[in-house]
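Residue numbers (the working numbering): 1 to 145.
Since the structure comes first, as structure tokens, the remarks are kept for the end.
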Amino acid sequence: MEQLTTGQIEKICQARGVRLTPQRRKVFELICESKKASSAYELLEKLKVDEPQAKPPTVYRALDFLLEQGFIHRVESTNSFISCCACSDHKHFSQLLVCDQCGSVIELQDDNLIALLTKNAQKQGFQLTNHVIESHGTCEVCLSK
1 MEQLTTGQIE KICQARGVRL TPQRRKVFEL ICESKKASSA YELLEKLKVD
51 EPQAKPPTVY RALDFLLEQG FIHRVESTNS FISCCACSDH KHFSQLLVCD
101 QCGSVIELQD DNLIALLTKN AQKQGFQLTN HVIESHGTCE VCLSK
């Protein structure tokens with residue numbers, strides 16, 4: 001899947017009537033620059049290069065906004081963040097493949113898997129509003145080493 005650009009999320013924000021502040025933009029760019037998931041404190045250290053006065057709440061507020069808008073995903077198992085490949089969808093379900101060796105994360109979207117999960121939940125009288133599927137293993141690059 002292709003990663004969206006800052007310009008594309010700016011247009012999405014305008015259409016939604018929300019503001020992409022310079023700090024939100026910078027945090028998004030920092031997340032996009034990394035092949036692996038980034039923790040809030042890793043992002044803070046990178047942000048401090050351009051904004052030495054940046055504090056943890058600055059990053060957490062930006063992350064909250066980016067999550068709420070669907071521009072990034074939180075990798076629950078590592079408490080880190082990656083950019084979303086389908087952020088124009090606002091809310092969607094996806095599967096994250098997390099490499100335990102290098103920390104890279106691949107986002108997958110499989111409509112068949114989502115339909116099966118939804119069907120199984122409905123059989124139990126349960127309505128899904130959100131889910132995180134994380135699969136851990138070793139990526140192709142690490143396997144080839």
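We put the CB at the ideal spot given by N, CA and C, even for glycine.
All figures in this text were calculated on a predicted structure; none of them were measured in a lab.
Listed in chain order, the non-local C-beta contacts of C139 below 6 Å within the same chain comprise C99, S104, local neighbours out to five positions each way being set aside. Note that the C-beta distance between A54 and L47 is below 8 Å.
In this structure, the straight-line span from the alpha carbon of Q122 to that of K35 is close to 36 Å.
Less than 8 Å divides the Cβ of I133 from the Cβ of L96. In this structure, the beta-carbon distance from T78 to A37 falls below 8 Å.
Residue environment analysis places F126 among the exposed positions, since fewer than 16 neighbouring C-beta atoms fall within 10 angstroms of its C-beta.
Here the alpha carbon of H136 sits roughly 19 Å from the alpha carbon of C85. Annotation note: the region 1-35 contains the following uninterrupted alpha helix (DSSP H) runs of length 4 or greater, listed N- to C-terminal: 6-16, 22-33.
The distance from the Cβ of F28 to that of T6 is about 6 Å, consistent with a contact at the 8 Å cut-off. For F65, the CB contacts under 7 Å within the same chain, skipping 5 residues up- and downstream, are R24 in chain order. Taking C-alpha positions only, Q109 is separated from E51 by approximately 35 Å.
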